[in-house]
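Numbering (mature numbering (1 follows the signal peptide of the UniProt record, and there is no 0)), first residue to last: -27 to -1, 1 to 144.
Each residue gets a CB set at the ideal place from its N, CA and C atoms; glycine is no exception.
One structure below.
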């Protein structure tokens, strides 16, 4: 009889977990399995792919190309951030890899595994204005080869409008 109660209790717990996961997924919330649940040694975040079947929002690979202008002083060593806006929300990410990124006349490419935001409509690109001569001349950003976001402007405290960020609409 005791085994029957344990099995029944386990089944009730499993049913409650499935119900909570289903309700969270329907509400667009990514359920967490305990605060210490990890994937590849890091805590789950929207940019880390998770195991199938856990009820996580759909993931998508974004191929991002960032084109730095070919002007004197166009490059930056500041940290660069990208927020992608789409028909189903937005997601942000720091752009960094093992390369020396955002140098004069260079195109930097990133593949980002992020939450699917639907059809990409606009972006915000920015930097933290750190380092020696952090100003940056951004030509454009492309996502997936077909979403084009022209900028052709400085992101610098001492150039153009003094902003280190730009909101860019898809063209």
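### Task
Output the distance between the C-alpha atoms of residue 91 and residue 65, rounded to the nearest integer angstrom.
In this model, residue 91 and residue 65 are separated by some 14 Å (Cα to Cα).
### Task
Answer yes or no: do residue 95 and residue 138 have a C-beta to C-beta separation smaller than 8 Å?
Not a contact, by the Cβ cut-off of 8 Å.
### Task
Pull up the distance between the alpha-carbon of residue 143 and that of residue 113, whole angstroms please.
Distance between the alpha carbons of residue 143 and residue 113: 11 Å.
### Task
Determine the closest residue to residue 53 out of 140, 67, 77, with distance taken between C-alpha atoms.
Nearest in C-alpha terms to residue 53, of all of 140, 67, 77, is 67.
### Message
Just verifying my parser: in three-state terms, what is the DSSP assignment at residue 125?
### Response
If DSSP states are grouped into helix, strand and coil, residue 125 belongs with the strands.
### Message
Which same chain residues end up closer than 6 Å to residue 62 when comparing Cβ atoms and leaving out the 5 residues on each side of it in sequence?
### Response
For residue 62, where only same-chain residues beyond five positions count, the Cβ hits under 6 Å are 90.
### Message
Taking the beta strand (DSSP E) that residue 95 belongs to, which residues open and close that run?
### Response
That run of the beta strand (DSSP E) goes 93 to 100.
### Message
Given this structure, state the Cα-to-Cα distance separating residue 88 from residue 57, to the nearest angstrom.
### Response
Linking residue 88 to residue 57 through their CA atoms gives a straight-line distance of about 10 Å.
### Query
Sorted by chain position, which residues of the same chain lie with C-beta nearer than 6 Å to residue 38's C-beta, five sequence neighbours on each side aside?
Closer than 6 Å at the Cβ level, and outside the excluded window around residue 38, lie 80, 82, 115.
### Query
So is residue 59 buried or exposed if we call it buried at 16+ other beta carbons inside 10 Å?
With 16 or more other Cβ atoms within 10 Å, it is buried.
### Task
Tell me, please, which residues DSSP counts as bridged to residue 63.
Bridge pairing for residue 63: 58 [DSSP].
### Query
Roughly how many angstroms lie between the CA atoms of residue 101 and residue 41, to the nearest whole one?
Roughly 16 Å separates the two Cα atoms.
### Task
Determine, using beta carbons only, whether residue 97 and residue 36 come nearer to each other than 8 Å.
Using a Cβ distance threshold of 8 Å, residue 97 and residue 36 do not count as a contacting pair.
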